[in-house]
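Trainee: Next up is a structure, given as structure tokens.
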Amino acid sequence: MTAGKGWEEGSRVLECDPLLATLPEPSRKAVLALGRFQTIRAGKVLLHFGEPSDGLYCIVSGQFRMTMLDANGTEVLASMGLSGTWVGGATVVDNSVTLIATTAVLDSEVFFIPVQPLQRLMHQDPEIALFLARMALFYLRISLRRVLDGATLTSKAMLARMLLYFYTHAQSTGQPEPEVVHLSQEDLATMSGVSRRTASRILQAMRRAGSIEIDYHQIRIVCPDRLGEDARDRAR
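Numbers given in the numbering used here equal positions in the sequence shown, counted from 1, plus 1063.
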């Protein structure tokens, strides 16, 4: 199996995604050769509920809302996709429909790999199939960790950990103003598994303590060390 020249441009995806680096170099080049970069404007839906995915996407820059439908059919926020996040992988593997809708919050860039060429590569190269399996397990572990944290940590710790997650990610990827978290209080509460009222009370206490500043649809982290102390607060 040989890779086309396009892999050289696609190789900058490695800068934001450690998962892809686990592939042997020939397999990695073959995958990257299939892809192309796309600009996604704020508000545009990348993946729709109930539709088959047209391929695999790696978020290179920007931010995406990732939402699901609850038992009543109401759309709820499940997560925020940041750089290095892959979306569409499950539908590529099992040809199912999309369960998580993905919408750009900011003007963003993604690396898109079309489904049919990728599926052909999966049959030709088992390393690529294993890569997609590792990807699925990676996100499963994150989900299980959130469940465990929700059972053992206080609401304050859950909120602090979520804020620190966005802060450390922005720092590690060299984003401007890493201290600014582009989340509303409502979205932060939902992602942390905390009620809106409880989140508001705790965030105001964090503001008074000098840990954060609260603006419209964003939170500015002032003292990461103090948030780190809050993040270790365990349920009694």
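Glycine included, each C-beta is placed from N, C-alpha and C at the ideal position.
Let me confirm a value: residue 1126 is counted as buried when at least 16 other C-beta atoms fall within 10 Å, else exposed. Which label applies?
Mentor: Looking at its Cβ environment, which holds 16 or more other Cβ atoms inside 10 Å, residue 1126 is buried.
Trainee: According to DSSP, is residue 1157 helix, strand or coil?
Mentor: In the structure shown, residue 1157 sits in a helix (DSSP, three-state: H, G or I).
Trainee: Going by C-alpha distance, which of 1138, 1245 and 1222 is nearest residue 1258?
Mentor: The shortest C-alpha separation from residue 1258 is found at 1222.
Trainee: When the Cα of residue 1176 is compared with those of 1095, 1123 and 1124, which residue comes out closest?
Mentor: It is 1095 whose Cα lies nearest to the Cα of residue 1176.
Trainee: For residue 1090, is the beta carbon positioned less than 8 Å from some heavy atom of the ligand ATP?
Mentor: Absence of the ligand ATP from the depicted structure is noted, as is the absence of any ligand whatsoever, leaving it without description.
Trainee: In angstroms with no decimal places, state the Cα-to-Cα distance between residue 1065 and residue 1124.
Mentor: In this predicted model, residue 1065 has a pLDDT of only 36, less than 50, meaning its place in the structure is not dependable; the value taken from the coordinates is given anyway. Each residue's alpha carbon lies about 28 Å from the other.
Trainee: When you compare the CB positions of residue 1147 and residue 1080, do they come within less than 9 Å of one another, or not?
Mentor: Contact: yes.
Trainee: I need the DSSP call for residue 1278, collapsed to helix, strand or coil.
Mentor: Residue state, collapsed to three classes: strand.
Trainee: So what does DSSP say about residue 1101, is it helix, strand or coil?
Mentor: Strand at residue 1101.
Trainee: Going by alpha carbons, who is nearest to residue 1242 out of 1163, 1284, 1253 and 1191?
Mentor: Residue 1242 has its Cα closest to that of 1284, out of 1163, 1284, 1253 and 1191.
Trainee: Ignoring anything shorter than 4 residues or poking outside the segment 1164 to 1237, list the alpha helix (DSSP H) runs there in chain order.
Mentor: Listed in chain order, they are 1178 to 1187, 1189 to 1215 and 1218 to 1235.
Trainee: Alpha carbon to alpha carbon, how far is residue 1105 from residue 1170?
Mentor: About 5 Å.
Trainee: Under DSSP, the beta strand (DSSP E) around residue 1138 begins and ends at which residues?
Mentor: Where residue 1138 is concerned, the enclosing beta strand (DSSP E) stretches over 1138 to 1144.
Trainee: Just tell me which of 1264, 1138 and 1184 has its CA closest to the CA of residue 1163.
Mentor: For the residues 1264, 1138 and 1184, the minimum Cα distance to residue 1163 belongs to 1138.
Trainee: Kindly indicate the opening and closing residues of the beta strand (DSSP E) around residue 1033.
Mentor: Nothing can be reported for residue 1033: it is not among the residues displayed for the chain, which extend from 1064 to 1299.
Trainee: In the DSSP assignment, find the beta strand (DSSP E) that holds residue 1082 and state where it starts and stops.
Mentor: Run containing residue 1082: none; DSSP gives neither H nor E here.
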